[in-house]
Amino acid sequence: TDPAKIRNFCIIAHIDHGKSTLADRMLQVTGTVPDREMRAQYLDRMDIERERGITIKSQAVRMPWDVGGDSYALNMIDTPGHVDFSYEVSRSLAACEGAILLVDAAQGIEAQTLANLYLAMENDLEIIPVLNKIDLPAADPERVSREIADLIGGDPDDILKVSGKTGAGVEELLDRVVERIPAPVGNADAPARAMIFDSVYDSYRGVVTYVRMIDGRLTPREKIRMMSTGADHEALEIGVSSPEPVPSKGLSVGEVGYLITGVKDVRQSKVGDTITGKMNPAEEPLPGYTDPKPMVFSGLYPLDGSDYPILREALDKLKLSDAALQYEPETSVALGFGFRCGFLGLLHLEIISERLRREFDLDLIATAPSVIYEVTTDDGKEVTVTNPSEYPDGKIAAVREPVVKTAILAPKDYVGAIMELCQSRRGSLLGMEYLGERVELRYSMPLGEIVFDFFDHLKSRTQGYASLDYEPMGDQEADLVKVDILLQGDKVDAFSAIVHRDNAYHYGTMMAERLRKLIPRQQFEVPIQAAIGARVIARETIRAIRKDVLAKCYGGDISRKRKLLEKQKEGKKRMKMVGRVEVPQEAFIAALSGD
Ligand code: GDP
Ligand code: MG
Numbered sequence: 014t015d016p017a018k019i020r021n022f023c024i025i026a027h028i029d030h031g032k033s034t035l036a037d038r039m040l041q042v043t044g045t046v047p048d049r050e051m052r053a054q055y056l057d058r059m060d061i062e063r064e065r066g067i068t069i070k071s072q073a074v075r076m077p078w079d080v081g082g083d084s085y086a087l088n089m090i091d092t093p094g095h096v097d098f099s100y101e102v103s104r105s106l107a108a109c110e111g112a113i114l115l116v117d118a119a120q121g122i123e124a125q126t127l128a129n130l131y132l133a134m135e136n137d138l139e140i141i142p143v144l145n146k147i148d149l150p151a152a153d154p155e156r157v158s159r160e161i162a163d164l165i166g167g168d169p170d171d172i173l174k175v176s177g178k179t180g181a182g183v184e185e186l187l188d189r190v191v192e193r194i195p196a197p198v199g200n201a202d203a204p205a206r207a208m209i210f211d212s213v214y215d216s217y218r219g220v221v222t223y224v225r226m227i228d229g230r231l232t233p234r235e236k237i238r239m240m241s242t243g244a245d246h247e248a249l250e251i252g253v254s255s256p257e258p259v260p261s262k263g264l265s266v267g268e269v270g271y272l273i274t275g276v277k278d279v280r281q282s283k284v285g286d287t288i289t290g291k292m293n294p295a296e297e298p299l300p301g302y303t304d305p306k307p308m309v310f311s312g313l314y315p316l317d318g319s320d321y322p323i324l325r326e327a328l329d330k331l332k333l334s335d336a337a338l339q340y341e342p343e344t345s346v347a348l349g350f351g352f353r354c355g356f357l358g359l360l361h362l363e364i365i366s367e368r369l370r371r372e373f374d375l376d377l378i379a380t381a382p383s384v385i386y387e388v389t390t391d392d393g394k395e396v397t398v399t400n401p402s403e404y405p406d407g408k409i410a411a412v413r414e415p416v417v418k419t420a421i422l423a424p425k426d427y428v429g430a431i432m433e434l435c436q437s438r439r440g441s442l443l444g445m446e447y448l449g450e451r452v453e454l455r456y457s458m459p460l461g462e463i464v465f466d467f468f469d470h471l472k473s474r475t476q477g478y479a480s481l482d483y484e485p486m487g488d489q490e491a492d493l494v495k496v497d498i499l500l501q502g503d504k505v506d507a508f509s510a511i512v513h514r515d516n517a518y519h520y521g522t523m524m525a526e527r528l529r530k531l532i533p534r535q536q537f538e539v540p541i542q543a544a545i546g547a548r549v550i551a552r553e554t555i556r557a558i559r560k561d562v563l564a565k566c567y568g569g570d571i572s573r574k575r576k577l578l579e580k581q582k583e584g585k586k587r588m589k590m591v592g593r594v595e596v597p598q599e600a601f602i603a604a605l606s607g608d
């Protein structure tokens, strides 16, 4: 295709503002998907995505569109909307010349609208602002148009108004994409350079790699090279998605398509990497490549210990399609054998545990999420801690924790409540801006404070109106300590936590109290203690009982006695021993999940 007849764009929006629905309408209006084959959220392929209505992996689709007698190829790249996947969002944006900034006309601008807009501006994209859901009675197009114009400039009356639901305004929007978004430019004669913006595992075809050609050309059967690793593969098939895969004779400057090399693991075809030809390789890769780095860690354990091999196999499988997932075996006194897993963020953690539950039928328990700490001991040793139970004993010289730049958007009435919450989480205010009726608050905050139920608190203090976005901004030294929980003097590893010194007492008393209520009485007294090193900071006691279930039966009914004995045996199966103390596994699980 002549690059002058190509337009590459993406839709950026806050979650639920209607990106997938608008994409559906575009597929229909352009005749890319016939009406009879249309189903809601056509591009969201994973079951979880469709059920939860979120896009986890981005997809690209090519659509024909005619303007003024000329035929154009529109490549629409659907980006994931969530902060956990912001690196993937940034790579999808780098594959485009323009972006549709979609804003719900009833809601207005939200945190991820801004985060994605800033990413689009960093990538020099032409922005087309669009109001969506104008069919809603609650839509307030005038107010929201002004919000948008305040933000990006321009005339509020120029902003297109569409409904992804009814299809109103969608054709005009496609015309505008052709008019406003620049055609791609690149050097057709230079060595091939293609940027990978997505990499998807397919159990039949192996890894399908989505690319944007920047320079040169790639053809089927050609030997190609991954520039970050130098690994060579053969391009077995090259094609475009429209939206089902259609093989083609190659991809040239400005085109968006897929290629299949037969590799079986997305780590061999990494998002952000540059593909070149083996025969005539490019000298410099395209800028912007980074390896995905897990930010949040949690231990995953099967409820039934005999499921451990299934869990291992399941993780091996998921890793094929998820380059960011990391894991290694771990054992816990309280929970048995499991894996310490690394995730991009909390949603990533949730998605993986949900896929393990659903696709592999596993019952799992996850320990409280934790972040990466860099600990320097008094004798100068440096230790990276992703699991509180690995925190070094003895004297600590310094601890560093990750910090994120947080942006919170909410109606301005909630400013006080939000500031109070952020301060209680050791946030420091970086800036504040009013956008009409809404306010954006920017804080630097320890990531460890955010992974600990921050979002729930933010939502409840703002009646659900606040939205949150964050990005890494380095690390800082902090006065952190490890709090251990002990049962009769024995540490229960799954409950150790790294917290700020000021919160240690609160955490210790809360956990000790929870466990006292959950652990049944034993034949002897059991002290529950919270401690920092050897110093006990909180204590609860489970009083002793004589546990004799038969005493209730007055020696009478034999069959009833037997039933009780069997019941007791049944209960014992799921008991864990911590020192001499018998604890039902359910108690640990309930204490971890806080209910
Ligand atoms: P995404 O998270 O941005 O992909 O949003 P979705 O496309 O999944 O839409 C979120 C919700 O808004 C769904 O319940 C849609 O049915 C609804 N929705 C999307 N577009 C419109 C619209 O134009 N009008 C109305 N009334 N509802 C819409
Ligand atoms: Mg969606």
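Residue numbering for the sequence shown follows full-length UniProt numbering, starting at 14 and increasing by one per position. Even for Gly, the Cβ is constructed at its ideal location relative to N, Cα and C. Please read these numbers as outputs of a predicted model, since none were measured by experiment.
Point to revise | residue 675: first and last residue of the uninterrupted beta strand (DSSP E) it sits in | key: Residue coverage of the chain in this structure runs from 14 to 608, which leaves residue 675 outside it and unanswerable.
Exercise for review: Provide the residue span of the alpha helix (DSSP H) that contains G521, from first to last.
Suggested key: Position 508 of the sequence shown holds residue 521. R514 to L531 is the extent of the alpha helix (DSSP H) around G521.
Check your understanding: For S254, which of E387, L316 and Y223 has the nearest alpha-carbon?
Key -> Position 241 of the sequence shown, counting from 1, holds the residue named residue 254. The option with the nearest alpha carbon to S254 is Y223.
Review point. Is it the case that the Cβ atoms of L333 and K283 are separated by a distance below 8 Å?
Key: Residue mapping note: residue 333 aligns to position 320 of the sequence shown, counting from 1. Residue mapping note: residue 283 aligns to position 270 of the sequence shown, counting from 1. Contact: no.
Exercise for review: Under the assumption that V452 contacts M445 (Cβ atoms under 8 Å), give the Cβ distance between them as a whole number of angstroms.
Suggested key: Residue numbering aside, residue 452 sits at position 439 when the sequence shown is read from its first letter. Residue numbering aside, residue 445 sits at position 432 when the sequence shown is read from its first letter. The Cβ separation is near 6 Å, so the contact holds.
Check your understanding: Say the cut is 7 Å; is the CB of T34 nearer than that to a heavy atom of the ligand GDP?
Key -> On the sequence shown, position 21 is the one that residue 34 refers to. Yes, the Cβ of T34 comes within 7 Å of a heavy atom of the ligand GDP.
Review point. Does the ligand GDP have even one heavy atom less than 7 Å from the beta-carbon of A26?
Key: Mapped onto the sequence shown, residue 26 falls at position 13. Indeed, a heavy atom of the ligand GDP lies less than 7 Å from the Cβ.
Exercise for review: Using 7 Å as the cut-off, classify the Cβ of K589 as near or not near the heavy atoms of the ligand GDP, replying yes or no.
Suggested key: As a first step, residue 589 must be located in the sequence shown, where it is residue number 576. No; taking the cut-off as 7 Å, the Cβ of K589 has no heavy atom of the ligand GDP nearer than that.
Exercise for review: Determine contact between the region 329-343 and the region 210-219, defined as no fewer than three beta-carbon pairs at a distance below 8 Å.
Suggested key: yes
Check your understanding: What's the C-alpha gap between M76 and P382?
Key -> Numbered from its first residue, the sequence shown carries residue 76 at position 63. Numbered from its first residue, the sequence shown carries residue 382 at position 369. Taking the straight line joining both Cα atoms gives about 42 Å.
Practice item. With distances taken Cα to Cα, identify the nearest neighbour of D469 among G502, L434, T397 and Q54. Key: Looking up residue 469 in the sequence shown gives position 456. If we check each option's Cα against that of D469, L434 comes out closest.
Review point. Assuming R230 and S261 make a contact with CB atoms under 8 Å, what is their CB distance in whole Å?
Key: The sequence position of residue 230 within the sequence shown is 217, counting from 1. The sequence position of residue 261 within the sequence shown is 248, counting from 1. Contact annotation, R230 with S261: C-beta distance approximately 11 Å; criterion of less than 8 Å not satisfied.
Point to revise | D506 beta carbon near the ligand GDP (any heavy atom closer than 7 Å) | key: Position 493 of the sequence shown, counted from the start, is the residue given in the question as residue 506. False, no ligand heavy atom lies under 7 Å from that Cβ.
Check your understanding: Nearest chain D C-beta to P322 closer than 8 Å, yes or no?
Key -> The structure shown contains no chain D; it holds only a single protein chain.
Review point. Quick one: Cα of D506 to Cα of D317, how far?
Key: Here residue 506 refers to the residue found at position 493 of the sequence shown. Here residue 317 refers to the residue found at position 304 of the sequence shown. Taking the straight line from one Cα to the other gives about 19 Å.
**Study point:** Span of the alpha helix (DSSP H) around A152
**Key:** Numbered from its first residue, the sequence shown carries residue 152 at position 139. Taken as a continuous stretch (DSSP letters only), A152 belongs to no alpha helix (DSSP H), as it is neither H nor E.
**Study point:** Proximity to W78 [Cα-Cα], best of T389, K146 and L186
**Key:** Looking up residue 78 in the sequence shown gives position 65. When T389, K146 and L186 are compared, the shortest CA-CA separation from W78 is found for L186.
Exercise for review: Hey, could you find the ends of the beta strand (DSSP E) K418 is sitting in?
Suggested key: Working through the sequence shown from its first residue, we reach residue 418 at position 405. I409 to P424 is the span of the beta strand (DSSP E), which, as asked, contains K418.
Point to revise | Inter-stretch contact (C-beta, 8 Å, three-pair minimum) for the region 109-126 and the region 18-37 | key: yes
Review point. Hey, would you say L80 sits closer than 8 Å to V191, going by beta carbons?
Key: In the sequence shown, counting from the first residue as 1, residue 80 sits at position 67. In the sequence shown, counting from the first residue as 1, residue 191 sits at position 178. Here residue 80 turns out to be Val, not Leu, going by the sequence shown. V80 is a Cβ neighbour of V191, given a cutoff of 8 Å.
Exercise for review: Return the first residue and the last residue of the alpha helix (DSSP H) that C435 is part of.
Suggested key: Mapped onto the sequence shown, residue 435 falls at position 422. It spans V428 to S437 - the alpha helix (DSSP H) in which C435 sits, taken as one unbroken run.
**Study point:** K306 CB to nearest heavy atom of the ligand GDP below 7 Å
**Key:** On the sequence shown, position 293 is the one that residue 306 refers to. No, the ligand GDP has no heavy atom inside 7 Å of this Cβ.
Review point. Would the beta-carbon of D29 be found less than 7 Å away from any heavy atom of the ligand PLP?
Key: In the structure shown, the ligand PLP is absent; the only ligands present are the ligand GDP and the ligand MG.
Exercise for review: Check I385 in the structure and name its three-state DSSP category.
Suggested key: Taking the sequence shown and counting its residues from 1, the one referred to as residue 385 is at position 372. Reduced to three states, the DSSP call for I385 is coil.
Exercise for review: Using a threshold of 8 Å, state whether the C-beta atoms of D488 and P415 are closer than that.
Suggested key: On the sequence shown, residue 488 is found 475 positions in, with the first residue counted as 1. On the sequence shown, residue 415 is found 402 positions in, with the first residue counted as 1. Taking 8 Å as the Cβ cut-off, D488 and P415 qualify as a contacting pair.
Point to revise | Straight-line Cα distance separating L528 from F350 | key: Counting from one through the sequence shown, the residue named residue 350 turns up at place 337. Counting from one through the sequence shown, the residue named residue 528 turns up at place 515. The alpha-carbon atoms of F350 and L528 are separated by roughly 22 Å.
Check your understanding: Relative to the alpha-carbon of G263, which residue among K236, Q281 and G275 has its alpha-carbon at the smallest distance?
Key -> For the purposes of this step, residue 263 is taken as the residue at position 250 of the sequence shown. Nearest option by C-alpha distance: K236.
Review point. Just to check, is the beta-carbon of N145 closer than 7 Å to a non-hydrogen atom of the ligand GDP?
Key: Within the sequence shown, numbered from 1, the residue matching residue 145 stands at position 132. Yes, since a heavy atom of the ligand GDP falls inside the 7 Å radius drawn around the Cβ of N145.
Check your understanding: Is G584 helix, strand or coil when you go by DSSP?
Key -> Taking the sequence shown and counting its residues from 1, one reaches residue 584 at position 571. Reliability of the predicted coordinates at G584 is poor, the pLDDT of 49 falling under 50, and the value obtained from them is presented with this limitation in mind. Helix at G584.
**Study point:** With 16 other Cβ atoms within 10 Å as the buried cut-off, status of G270
**Key:** To locate residue 270, count along the sequence shown from 1; it is residue 257. Buried, because 16 or more other Cβ atoms sit within 10 Å of the Cβ of G270.
Check your understanding: Is the region 302-316 close to the region 360-378, with three or more CB pairs under 8 Å?
Key -> yes
**Study point:** Member of F356, M208, V279 and L328 whose CA lies at the smallest distance from the CA of P300
**Key:** As a first step, residue 300 is located in the sequence shown; it is residue number 287 there, counting from the start. Nearest of F356, M208, V279 and L328 to P300, Cα basis: M208.
**Study point:** 8 Å CB neighbourhood of S84 in its chain, flanking five on each side removed
**Key:** Position 71 of the sequence shown holds residue 84. Counting only Cβ-Cβ distances below 8 Å, and skipping sequence neighbours, we find K18, P77 and W78.
Practice item. With DSSP as the reference, please indicate the residues paired to I24 in a beta bridge. Key: For the purposes of this step, residue 24 is identified with residue 11 of the sequence shown, where counting begins at 1. I24 pairs with D91 and I113.
Review point. If you compare alpha carbons, which of I161, Y100 and D188 is closest to T43?
Key: On the sequence shown, residue 43 is found 30 positions in, with the first residue counted as 1. It is D188 whose Cα lies nearest to the Cα of T43.
Check your understanding: Touching or not, the region 511-528 and the region 479-497, by the rule of three or more beta carbon pairs under 8 Å?
Key -> yes
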